[in-house]
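Respectively, the protein sequence lines represent chains A and B. Take the first sequence: its position 13, counted from the start at 1, is 13 in UniProt numbering, and no numbers get skipped. Take the second sequence: its position 96, counted from the start at 1, is 96 in UniProt numbering, and no numbers get skipped. Scroll down for the structure; my scribbles are underneath it.
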Amino acid sequence: MLLAVLIANFEGNILVERFNGVPAEERLHWRSFLVKLGADNLKGVKNEELLVASHRSVYIVYTVLGDVSIFVVGKDEYDELALAEAIFVISSALKDVCGKPPTERLFLDKYGKICLCLDEIVWKGLLENTDKERIKRLVRLKPPTEF
Amino acid sequence: MAQPLVKKDDDRDDEEYSPFLGIEKGAVLQEARVFNDPQLDARRCSQVITKLLYLLNQGETFTKIEATEVFFSVTKLFQSRDIGLRRMVYLMIKELSPSADEVIIVTSSLMKDMNSRTDMYRANAIRVLCRITDGTLLTQIERYLKQAIVDKNPVVASAALVSGIHLLQTNPEIVKRWSNEVQEAVQSRAALVQFHALALLHQIRQNDRLAVSKLVTSLTKGTVRSPLAQCLLIRYTSQVIRESGVNTQTGDRPFYDYLEGCLRHKAEMVIFEAARAITVLSGVTTRELTPAITVLQLFLSSSKPVLRFAAVRTLNKVAMTHPMAVTNCNIDMESLISDQNRSIATLAITTLLKTGNESSVDRLMKQITNFMSDIADEFKIVVVDAIRSLCLKFPLKYRSLMNFLSNILREEGGFEYKKAIVDSIVILIRDIPDAKESGLLHLCEFIEDCEFTYLSTQILHFLGNEGPKTSDPSKYIRYIYNRVILENATVRASAVSTLAKFGAMIDSLKPRIFILLRRCLFDNDDEVRDRATLYLNTLGGDGSVVETDKDVKEFLFGSLDIPLTNMETSLKNYIQNPSEEPFDINSVPKEVKSQPLVEKKAPGKKPTGLGAPPTGPTSTADTYERILSSIPEFTSFGKLFKSSAPVELTEAETEYAVNVVKHIFDRHVVFQYNCTNTIPEQLLENVFVIVDASEAEEFSEVGSKPLKSLPYDTPGQTFVAFEKPEGVPAVGKFSNMLRFTVKEVDTSTGEAEDDGVEDEYQLEDFEVVAADYMVKVGVSNFRNAWESMGPDFERIDEYGLGPRESLAEAVSTVINLLGMQPCEGTEVVPSNSRSHSCLLSGLYIGNMKVLVRLSFGIDASKEVAMKLAVRSEDENVSDTIHDIVASG
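As structure tokens, then:
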């Protein structure tokens, strides 16, 4: 299960958070944990350079893209490598929507589109689409080209 | 309501301000009224939906009324033909997840989209419908979903398959009917469809071993298109391998060749998954392991941190069971100590600590010292634990390892970290006699400047037990007395007790200890004064407090013997029900084992795995005692000695779930049958159990308590009591039949019919065994307990246990037979060992302490021999333990 996708700005303000199968009372704990993890480790990290950690039986892969940091959390079959795949798709989709690694302003300007992309990529904790070209078409309700 | 951690409302430059600046839920809900306009403005509507999504994504929640209002407005947007807006509407409905009674508003629109000629409408409508649907609606749309699974558009097929995976949790019977279509989708040429289909098919068939095995066999021979699907297949394959075992004739492992082949796959994800699967094969041989270790070693020097992490994490696990297999990677791992990613560095260090040999310890410690200063406490704790294990492995190296621990003890750190270090030093002192003196001095130095009261008191207690046994006990007194002068009341009181222990053990120090204790009589804290007074009287008294020197030592060093949680509950009960009688410490139950009652389990609550701390053990003994004391028929039975763990009397998923708890009293046993009715259409009344005790001759039934009513999914209990000879560990077998009156229930109204039918239900038999008369009570230091028990009632004998599967199996059989508490981790048998010693402790009926030493040996033909030495407070009890083993 892909338990969480969280996108925050550098100050640790949450821009997007999507939890799956995480009880409401644990979300705050995860939010603060991830933000702290980012604050401790993401300084000076290059765009899309992946960092990885594990906390109990859960894996966390996170990175920086432009002005935002992206965290994905998973367990069981969503181990560090599967999460790396997921975060790669998310970053590619973000760059695609924003045209470049986004500034915070650009990210917020394209917020609706970004939500649609995330909806295509992760649905209730399962990775659904992994190809950015296809995602680009799907959010516009266009069928995939290879079909 | 969950508040966002920080709202996005920074006020930097004007150009930088957020489009959501000052966003407020109430205002956005007002704006959402545009959805009701007769002339829809698609762009404006999309903007409002975006704002709603922003609020939801920040953890904002809507009240029921707000959500309903927004939901109804959003459904109006189906009138718009704007494609972008339609996509947003789909997302918004999913996010709002309307309640069952509201869904009806939107189903017809979604059903229309689901049959639309536009593929993408179909895919999205499927996802939304499956998100909001319930069982009844699902049967209506099932036909379309089955078609969608085999749709030629991969997006539609994937939407249906992923929906299937989710629906399987709530409506398994329906989804299981789709297996033919899913099977077809597994053969799809679209990579993702295959991935989703494989996941769903496996979930549908996961309880059918043969089907899973067939699935794996066919797919490992065929083509799997995406790396993700390949990873799934490897996981399922390793499950099949686990269940099938090695071919005993050829020694080959089924599917090993497939896994080994995956090590040469082009996707790193697949290579890693295969390597990991090989490392966790049960009884994996070095030959099988080598190719996997080789690829993991290559990953260690990968430029991708995720791969380095995955590799070192896996090698870390391998090092626990096959340290020699990992040694080839040591050089690569040493270079990871300086890895920028601290998780990787910590894993590398702990792996090296497991695989390193005696000669590399010093070099390793030097590297770690530099590393420790720049990692967080949680990583440091992991390293400390690894160092402790290393020191126990190479006791000769204790000097450098103990020095390392004492150095880091002096540095900055939080409580958990310091506690880990102190615990490690304590364990080393206990297990490595040479390390004792230096270890105690390190601890003394530490308490001179320790900010944690808990640790100071723990160390003082330990010092009191171990310090007097050293060659020069007087050197510790200064450190202890400093605590009396410098610390808070809790630590001072602890220090007073420690001083008293020195005084009791060493006569030459006694006069000087007396001087120090007398000074404590003027302390401003009453606990400190009380303790000082008490100890002065016990140690130098006239015999009015305690009579002999032995009593003094028993008083000072004896353990409480009662679990503190039990003590706390009993005291609370005592305070709540004031009584003339003084509190009797013997009334506190000693049972440590606490298994939650079946009826106390929270229904439907599944572990999330996301780290909610486990709830503390509830004291089951107290709950049982309370239940039993509330039944007048049983109040004359006296004090409850022990309650067993529940024994299941029905198989899982039967109509009625019943288990039994055996409550043991001196002259009675009470069987508590916990019953659950799992049929919603039935109400059971007058429920009781007919017990046939013809194979339990020493027991005679004396009473029972039926259960008046047992509604669906509300557990209840019925009891049957038996009399047995006093103090005798009578054993026997009991057959059980559940009798009740069953009444039909109308599930729509919840009302039961007036007339019922008598019925009965056969339950499994169970036995009262010797272990039921033994309470598991641990001792902290077995050797001390053994020596203080003395050899007066020691009984030793040897037994042949016959051929056994393994030494571990023989050890656990004997432990279970006796029902005693294994001490000091001796229940764990290292693999491949040919002999093993196991220490057990317990309390036998009549409150008799029993200690057991077991020595096992196994020969080449797997014949196990056992030497059993028992010490107890009564020779009959020692003999009984031998009888139990002889007849078991």
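Using N, Cα and C, we set each Cβ at its ideal position, and we do this for glycine too.
Cβ-Cβ distance between residue i and residue j below 7 Å
i: A/Leu-126; j: B/Val-284; result: no
i: B/Glu-698; j: B/Ala-657; result: no
i: B/Glu-695; j: B/Gly-732; result: yes
i: residue 897 of chain B; j: B/Leu-851; result: Nothing can be reported for residue 897 of chain B, as the shown portion of chain B is limited to 1 through 888.
i: B/Met-111; j: B/Ile-49; result: no
i: B/Val-779; j: B/Cys-838; result: no
i: B/Val-777; j: B/Leu-843; result: yes
i: B/Leu-491; j: B/Arg-478; result: For the record, residue 491 of chain B in the displayed sequence is Val; it is not Leu. No, these two residues do not count as a Cβ contact at 7 Å.
i: B/Leu-443; j: B/Lys-501; result: no
i: B/Gln-672; j: B/Phe-740; result: no
i: B/Gly-164; j: B/Val-150; result: no
i: B/Glu-794; j: B/Arg-871; result: yes
i: B/Ile-349; j: B/Phe-309; result: no
i: residue 151 of chain A; j: A/Lys-142; result: With chain A running from 1 to 147 in the structure shown, residue 151 of chain A is simply not present.
Residue i versus the options, residue with shortest Cα-Cα distance
i: B/Ser-373; options: B/Leu-228, B/Arg-342 and B/Ala-100; result: B/Arg-342
i: B/Asp-765; options: B/Glu-758, B/Lys-266, B/Thr-718 and B/Glu-651; result: B/Glu-651
i: B/Ile-562; options: B/Val-588, B/Ile-349 and B/Thr-538; result: B/Val-588
i: B/Leu-192; options: B/Lys-221, B/Arg-225 and B/His-202; result: B/Arg-225
i: B/Met-365; options: B/Ala-376, B/Ile-337 and B/Tyr-799; result: B/Ile-337
i: B/Glu-243; options: B/Ser-213, B/Gly-558 and B/Val-106; result: B/Ser-213
i: B/Ser-80; options: B/Ser-360, B/Arg-518 and B/Phe-35; result: B/Phe-35
i: B/Lys-76; options: B/Gln-47, B/Gln-672, B/Gly-414 and B/Ser-109; result: B/Ser-109
i: B/Leu-219; options: B/Gln-203, B/Gln-206, B/Leu-210 and B/Gln-187; result: B/Gln-187
i: B/Met-333; options: B/His-322, B/Thr-321, B/Met-320 and B/Gly-356; result: B/Gly-356
i: B/Arg-127; options: B/Thr-813, B/Val-155 and B/Arg-871; result: B/Val-155
i: B/Lys-94; options: B/Ile-83, B/Leu-818 and B/Val-106; result: B/Val-106
i: B/Pro-473; options: B/Asp-754, B/Leu-440 and B/Asn-482; result: B/Leu-440
i: B/Asp-134; options: B/Ser-99, B/Arg-43 and B/Asp-119; result: B/Ser-99
i: B/Val-182; options: B/Asn-153, B/Ala-148, B/Arg-209 and B/Leu-210; result: B/Ala-148
i: B/Phe-462; options: B/Gln-30, B/Ile-427 and B/Leu-807; result: B/Ile-427
Proximity test, Cβ basis, 7 Å: residue i and chain A
i: residue 894 of chain B; result: Nothing in the structure corresponds to residue 894 of chain B, since chain B is present only between 1 and 888.
i: B/Arg-44; result: no
i: B/Glu-156; result: The identity of residue 156 of chain B in the sequence shown is Val, whereas the question assumes Glu. No, no contact with chain A.
i: B/Ala-602; result: Any reading at B/Ala-602 needs caution, since the residue's pLDDT is 36, under 50, leaving its predicted position unreliable; the model's value is listed next. No, B/Ala-602 does not count as interfacial toward chain A.
i: B/Thr-351; result: no
i: B/Arg-478; result: no
i: B/His-442; result: no
i: B/Asp-385; result: no
i: B/Ala-267; result: no
i: B/Ser-343; result: yes
i: B/Leu-200; result: no
i: B/Arg-87; result: yes
i: B/Asp-151; result: no
i: B/Ser-18; result: yes
i: B/Thr-305; result: For the record, residue 305 of chain B in the displayed sequence is Pro; it is not Thr. So, interface residue.
i: B/Pro-613; result: Reliability fails at B/Pro-613, whose pLDDT of 33 lies under 50, so the model's placement of it is uncertain and no value is given.
i: B/Met-120; result: yes
i: B/Leu-91; result: yes
Min CB distance residue i to chain B below 7 Å
i: A/Ala-84; result: yes
i: A/Glu-48; result: no
i: A/Asp-67; result: no
i: A/Ala-53; result: yes
i: A/Asp-96; result: no
i: A/Thr-145; result: no
i: A/Val-16; result: yes
Practice problem: May I have a chain-ordered list of the alpha helix (DSSP H) segments no shorter than 4 residues that lie completely inside the stretch 740-824 of chain B? | Solution: 782-789 and 807-818
Quiz item: Looking at chain A, which residues of the stretch 47-62 of chain B have a Cβ within less than 8 Å of any of its Cβ atoms?
Solution: Gln-47, Ile-49, Thr-50, Leu-53, Tyr-54, Asn-57, Gln-58 and Gly-59
Quiz item: What residue ranges within the stretch 232-298 of chain B form continuous beta strand (DSSP E) runs of no fewer than 3 residues, ordered along the chain?
Solution: Runs found: none.
Exercise. Please specify which runs of the alpha helix (DSSP H), each continuous and at least 4 residues long, are wholly inside the stretch 449-515 of chain B, giving them in chain order.
Key: Secondary structure within the stretch 449-515 of chain B: the alpha helix (DSSP H) runs of 4 or more consecutive residues, fully enclosed, are 453-466, 474-486 and 489-505 (chain order).
Self-check item: Unbroken stretches of the beta strand (DSSP E), 3 residues or longer, contained in the stretch 632-670 of chain B
Solution: 656-664
Exercise. Can you check the stretch 518-576 of chain B for any alpha helix (DSSP H) of at least 4 residues that lies completely inside it and give the ranges in chain order?
Key: 526-540, 549-557 and 564-576
Practice problem: Jot down the residue ranges of each uninterrupted beta strand (DSSP E) in the stretch 74-118 of chain A, minimum 3 residues, whole runs only, in chain order. | Solution: none
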